[in-house]
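Below is one structure, written out as structure tokens, with a few remarks after it.
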Amino acid sequence: MAGTLTIGYINGYNQGSPVSQIAFPVPDSSILARRDEIVAGLARLVAPESLVTTEDERRAFETDALTAYRRLPLAVVLPRSTEEVSAVLAYLHEAGVKVVARGAGTSLAGGAIPQEDAVVVGVSKLNKILDVSYENRVARVQAGVTNLGITDAIMADGFFYAPDPSSQLACTIAGNIGMNSGGAHCLKHGVTTNHILGVRMVLIDGTVVDVGGDHLDANGYDLLGVIVGSEGQLGVVTEATVRILRAAEGARPVLFGFDSSEAAGACVADIIGNGIVPVAMEFMDKLAIEITEAFAHAGYPLDAAAMLIIEVEGSPAEMEAQLSRIVEIAKKHGVRTVRESQSALEAALIWKGRKSAFGATGRVADYICMDGTVPTSKLSYVLQRTDEIVKSYGLRVANVFHAGDGNMHPLIMYNVNDPAEQAKAEEAGNDILKLCVEVGGCLTGEHGVGIEKRDLMHFQFTPIDLDQQMRVRAVFDPGWLLNPAKVFPLDHRFAA
């Protein structure tokens with residue numbers, strides 16, 4: 000029957016902190032009162048070592064990489080098989096208990112932060128590589144396998160798994176699927192959705208479904224396109240079939256130093272505009288260079304105001320030809336430093352610096368990492384405005400991001416123990432994300448919406464747009480029990 004649906008989790012909400020802009024739903028007191036009963040029911044379904052119930056142990060799951068916000072979950076379950084996940088979800092569905100799926104907890108948008116009346120279902124024990132077919136160039140893995148773990152298992156045979164977020168050492172395939180993660184090399188190879196051929200997923204009522212498989216295109220509707228990037232709101236993925244690629248003959252990262260961020264941004268747009276697609280093109284401004292070099296000692300040019308890491312791959316002749324064109328373009332934009340890696344060790348060090356940039360920044364200050372995406376033609380303008388926006392709040396920003404596809408990652412630095420500074424950092428981040436949308440971009444490139452960008456969805460999407468997205472979600476989870484209070488604004492109702 001048509002009408003206005005009031006989402007189950009909207010029963011009032013409170014702020015994350017006295018000045019925070021991010022609100023959380025008020026927990027359901029009836030669920031909290033039944034905690035012992037719910038935990039006892041879970042204990043009948045999984046082994047004791049798969050159930051986390053004490054307050055101290057649950058603290059490890061109260062937040063993710065958006066550490067400014069924390070909520071202690073009702074309980075945590077770490078199933079060891081798809082069958083156990085199915086049993087757990089069927090039980091929680093029957094009991095009317097919310098569920099938050101969790102991979103490694105590396106989400107920078109708060110996608111895995113629980114609620115007090117929710118049970119966390121983690122996939123960390125689902126960590127096996129089940130099958131590899133080099134003939135078909137696919138691998139079937141459990142969802143708790145780390146991103147880098149796939150490449151480690153196949154690299155000796157000359158293959159790799161292409162998506163490579165900076166957290167690839169820790170992040171899981173489950174989280175990659177939830178957020179449609181990318182990484183430095185997604186410019187050429189694509190993001191997670193381009194490498195997922197099939198998933199096994201458990202729906203909220205415990206039903207196990209297989210979507211896609213070990214072939215390139217599945218029949219029927221593109222449900223994989225809906226599942227990848229759905230942020231754990233449609234089901235809990237327990238297995239995935241992924242594409243694996245043959246490693247290139249060679250790869251060479253090169254450092255380019257510029258006198259300004261605007262010049263580096265214009266160089267990126269010019270390279271892309273000339274039809275050149277390197278395997279990776281990464282940007283760092285002066286503050287990011289200084290912070291990262293102090294940590295990684297990668298030989299970054301400290302006298303540069305901005306730096307690009309551009310990597311090409313292929314045969315020696317192919318790499319030389321592409322690099323010569325890139326260098327000529329860089330000269331037009333006043334490049335002051337061009338340094339090619341001369342060995343595999345030097346190349347690894349260059350990438351170690353880039354991959355550790357977020358962690359290195361965390362040694363210096365607390366920060367909020369934004370994730371807006373803009374057209375490459377707008378990079379110079381957005382970099383200039385980003386600096387102006389953050390300075391207007393009296394804060395600092397370090398820019399490090401995937402320049403080739405315009406995926407911005409400004410790190411807004413602040414003191415997490417100062418509520419006023421946290422509020423300023425959030426406001427500056429909101430202004431930057433609005434800027435990204437205004438110039439023709441979007442709110443997120445790979446980190447997802449989570450709670451961080453949830454209330455900005457109104458800025459990018461009309462109420463009708465949101466209605467359509469929420470209807471799709473409601474088909475999979477009519478009771479809105481899966482990862483509630485994420486992605487969609489809490490005050491938005493839609494016509495069912």
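Residue 495 is where the sequence shown ends in numbering that gives the first Met the number 0, and the numbering goes up by one at each step.
Glycine residues also receive a C-beta, built at the ideal position from the N, C-alpha and C atoms.
Can you list, in chain order, the residues of its chain with a C-beta nearer than 6 Å to that of residue i? Leave out the 5 residues immediately preceding and following it.
i, result
"Ala-346", "Pro-252 and Ser-340"
"Cys-266", "Ala-329 and His-332"
"Lys-354", "Ser-165"
"Ala-86", "Leu-44"
Can you tell me whether DSSP reads residue i as helix, strand or coil?
i, result
"Ile-9", "Annotation note: pLDDT 44 at Ile-9 (below 50); position unreliable, no value reported."
"Gly-478", "coil"
"Phe-493", "strand"
"Thr-372", "strand"
"Phe-458", "helix"
"Ile-325", "helix"
"Ser-85", "helix"
"His-188", "helix"
"Glu-115", "coil"
"His-446", "coil"
"Gly-497", "Residue 497 lies beyond the stretch modelled for the chain, which goes from 0 to 495, so this question has no answer here."
"Arg-384", "helix"
"Gly-110", "coil"
"Cys-435", "helix"
"Ser-260", "helix"
"Met-412", "strand"
"Asn-429", "helix"
"Val-18", "Since pLDDT at Val-18 reaches only 45, below the 50 mark, its modelled position is unreliable, and the value read off the structure follows with that caveat. Note: Val-18 maps to coil in three-state DSSP."
"Asn-406", "strand"
"Val-486", "coil"
"Leu-497", "Nothing about residue 497 can be reported from this structure: the residues present for the chain run from 0 to 495 only."
"Ala-32", "helix"
For residue i, which residues in the same chain have their Cβ closer than 7 Å to its Cβ, ignoring the five residues on either side in sequence?
i, result
"Arg-245", "Gly-157 and Phe-158"
"Ile-290", "Ala-359, Thr-360, Val-363 and Ala-397"
"Ile-195", "Ile-176, Leu-223, Val-227, Ala-239 and Val-241"
"Thr-375", "Val-267, Ala-268, Ile-271 and Gly-405"
"Arg-70", "Phe-23, Glu-61, Ile-112, Pro-113, Gln-114 and Glu-115"
"Arg-34", "Leu-73"
Buried or exposed for residue i, please, with buried defined as at least 16 other CB atoms from any protein chain shown within 10 angstroms of its CB.
i, result
"Ala-39", "exposed"
"Ile-172", "buried"
"Phe-458", "exposed"
"Ile-463", "exposed"
"Thr-206", "exposed"
"Tyr-220", "exposed"
"Met-469", "buried"
"Met-154", "exposed"
"Gln-114", "buried"
"Ala-297", "buried"
"Val-471", "exposed"
"Ala-316", "exposed"
"Arg-199", "buried"
"Glu-54", "exposed"
"Ala-59", "exposed"
"His-184", "buried"
"Ala-161", "buried"
"Asp-63", "buried"
"Trp-479", "buried"
"Gln-467", "exposed"
"Glu-134", "exposed"
"Asp-476", "buried"
"Pro-409", "buried"
"Gly-274", "exposed"
For residue i versus residue j, is the C-beta distance shorter than 8 Å?
i, j, result
"Pro-72", "Arg-57", "yes"
"Met-412", "Leu-394", "yes"
"Ile-21", "Ala-138", "no"
"Gln-232", "Lys-485", "yes"
"Leu-223", "Gly-211", "yes"
"Leu-41", "Ala-74", "yes"
"Leu-254", "Arg-335", "no"
"Thr-237", "Leu-129", "no"
"Glu-312", "Ala-402", "no"
"Glu-310", "Ala-279", "yes"
Pop quiz: residue i and residue j are said to be a contact at Cβ under 8 Å. What is the actual Cβ separation, rounded to whole angstroms?
i, j, result
"Glu-420", "Ala-108", "At roughly 20 Å, the Cβ-Cβ gap does not stay under 8 Å, so Glu-420 and Ala-108 are not in contact."
"Ser-229", "Gly-177", "7 Å"
"Leu-378", "Gly-264", "4 Å"
"Val-98", "Leu-481", "6 Å"
"Asp-365", "Val-415", "4 Å"
"Val-45", "Val-25", "Actually they do not touch by this definition, with Cβ atoms about 29 Å apart."
"Ala-304", "Phe-257", "6 Å"
Tell me which same chain residues have a C-beta within less than 8 Å of the C-beta of residue i, skipping the five on either side of it?
i, result
"Cys-170", "Gly-102, Ala-103, Thr-105, Thr-145, Asn-146, Pro-164 and Ser-180"
"Ile-388", "Ala-427, Asp-430, Ile-431 and Leu-434"
"Gln-383", "Ser-260 and Glu-261"
Nearest chain D C-beta to residue i closer than 8 Å, yes or no?
i, result
"Asp-151", "Considering every chain present, this structure includes no chain D. It has just one protein chain."
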